[in-house]
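Protein sequence lines, in the order shown, are assigned to chains F and W.
Under this note's numbering, the first sequence has 20 at position 20, and the numbering climbs by one with no breaks.
Count along the second sequence starting at 1, add 1000, and that's the number in this note's numbering.
Right, one structure below, let's go through it.
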Amino acid sequence: MRDMPEADLQSPGPALPADDVVVEALRCGDEDMFAALLTAWSPGMLQVARAYVADEHTAEDVVQDAWVGVLRGIDKFEARSALRTWVYRIVINRAKTRGVNDARTVPMTSLTTAKEDFDPAVDPGGPRGGSRGADHPLAPPRTPVAWPSPEGEILALEVHQHIERALGSLPARQRVVITLRDMQGYSSDEVCALLEITAANQRVLLHRARASLRGTLDRYLTAQSGKEPTR
Amino acid sequence: MTTMNCDEFVRLVTAYLDEDLDAGTERRFTGHIAECGGCDVYLRQIRVTVAELGHLPAHGLTDQARETLLNAFRDWSAR
Chain F
1 MRDMPEADLQ SPGPALPADD VVVEALRCGD EDMFAALLTA WSPGMLQVAR
51 AYVADEHTAE DVVQDAWVGV LRGIDKFEAR SALRTWVYRI VINRAKTRGV
101 NDARTVPMTS LTTAKEDFDP AVDPGGPRGG SRGADHPLAP PRTPVAWPSP
151 EGEILALEVH QHIERALGSL PARQRVVITL RDMQGYSSDE VCALLEITAA
201 NQRVLLHRAR ASLRGTLDRY LTAQSGKEPT R
Chain W
1001 MTTMNCDEFV RLVTAYLDED LDAGTERRFT GHIAECGGCD VYLRQIRVTV
1051 AELGHLPAHG LTDQARETLL NAFRDWSAR
């Protein structure tokens, strides 16, 4: 039985042979194939692991551990999902466990489902300050101002730094969704299947994460206004 | 057809970008863009945010981690 084949992760990343070819090569001890997989998939796996753990070093530990898990499990891999989906599930499970064990640095609450994941998603920094802002007599409507173009090299670098910092302040559930959707290009169906969440939940998490990052960029870039041409 | 306000616009922006609005709601959504400069800017900023996320540099494993894993592979395949 194949479960949810439409959710298989196929598109992003460098081209590799078909799954059955890759799996057979690994089982036969083809080190070049394993090296190619490490190159192709580790960057995405590191980004995903980083959603759950406190720093890059721990993320690398998790990814190393996940690859060892892949080797231990590859003989039993039954191709019910794409190989990459299976590998990503391993890294996500290990990263979650590590995140819980390291609860000193990552709050438990950021790893479990929260009520707010299902609340109507309004951006408090949006055009009218969200519903509460708009209804509140003391909260004037806040109209977004066009950003300066982040085309300049230094500005682009700073934008990346601000985004990375803002990613660090997102709850794990939001961060993993925006990582898979916007950083790695997976579809919403793929993300739902991978994380075992509903489409509505995925949408709210993505919405909140994007709104939060837009707010961060807005605070930074509007402070740059007047220095650069707007777009 | 009722008009859309800014709150509803903001709430639907992610569904719109996923091309998941029904035809009527999508018409109201795009109609609102034409009328509201603030929401037009907001939508463009969300698009820029998404695009910038796609341009973040991705890093691979450190040489040391890679070497450890290749060794693990050799041990595993000699099992």
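Glycine is no exception: its CB is placed at the ideal position from the N, C-alpha and C atoms.
Starting from the beta carbon of Thr-1025(W), find every residue of chain F whose beta carbon is closer than 9 angstroms, and list them in chain order.
Ordered by position in chain F, no residue passes the 9 angstroms Cβ test against Thr-1025(W), which lies about 14 angstroms from the chain.
Tell me, to the nearest whole angstrom, how far the beta carbon of Val-53(F) is from that of Val-62(F); I am working on the premise that it is less than 8 angstroms.
6 angstroms
Start-end ranges of the beta strand (DSSP E) lying completely within the stretch 31-102 of chain F, minimum 3 residues:
none
From Thr-179(F), Thr-216(F) and Asn-93(F), pick the residue whose C-alpha is nearest to that of Glu-196(F); which is it?
Asn-93(F)
Please state whether the Cβ-Cβ distance between Leu-38(F) and Leu-1069(W) is less than 9 angstroms.
yes
Looking at chain F, is there any beta carbon in it that lies within less than 9 angstroms of the beta carbon of Ile-1033(W)?
No, no contact with chain F.
Among the residues of its own chain, which have a CB less than 6 angstroms from the CB of Ser-188(F), if the five just before and after it don't count?
Gln-202
Can you pull the chain W neighbours of Arg-210(F), defined as C-beta to C-beta under 9 angstroms?
Val-1013, Thr-1014, Leu-1017, Ile-1046, Thr-1049, Val-1050 and Leu-1053
Using 9 angstroms as the threshold, is the C-beta distance between Leu-180(F) and Leu-194(F) below it?
yes
From Trp-1076(W) to Thr-216(F), what distance separates their C-alpha atoms?
Distance between the alpha carbons of Trp-1076(W) and Thr-216(F): 46 angstroms.
Run through chain W and tell me which residues come within less than 7 angstroms of Pro-43(F), C-beta to C-beta.
Ala-1058, His-1059 and Gly-1060
Anyone know if the C-beta pair for Glu-27(F) and Ile-74(F) falls short of 9 angstroms?
At residue 27(F) the sequence reads Arg, which differs from the Glu that was named. The answer is yes: Cβ separation under 9 angstroms.
Straight-line Cα distance separating Arg-1027(W) from Thr-1014(W):
15 angstroms
Inter-residue Cα distance where the pair is Asp-65(F) and Ala-95(F):
The alpha-carbon separation between Asp-65(F) and Ala-95(F) amounts to approximately 10 angstroms.
Give every residue of the same chain whose Cβ lies closer than 8 angstroms to the Cβ of Asp-20(F), excluding the five residues on either side of it in the sequence, and list them in chain order.
Ala-79
Cβ neighbours of Val-1010(W) in the same chain (closer than 6 angstroms, five flanking residues each side left out):
Hits under 6 angstroms: none found.
Closest Cβ-Cβ distance between Thr-1068(W) and chain F: below 9 angstroms?
yes
Compare the beta carbon distance of Ala-146(F) and Arg-175(F) with 9 angstroms and say whether it is the shorter of the two.
no
Inter-residue spacing [alpha-carbon to alpha-carbon] between Thr-85(F) and Cys-192(F):
12 angstroms
By the DSSP assignment, the alpha helix (DSSP H) with Val-1041(W) in it spans what residues?
1037-1054
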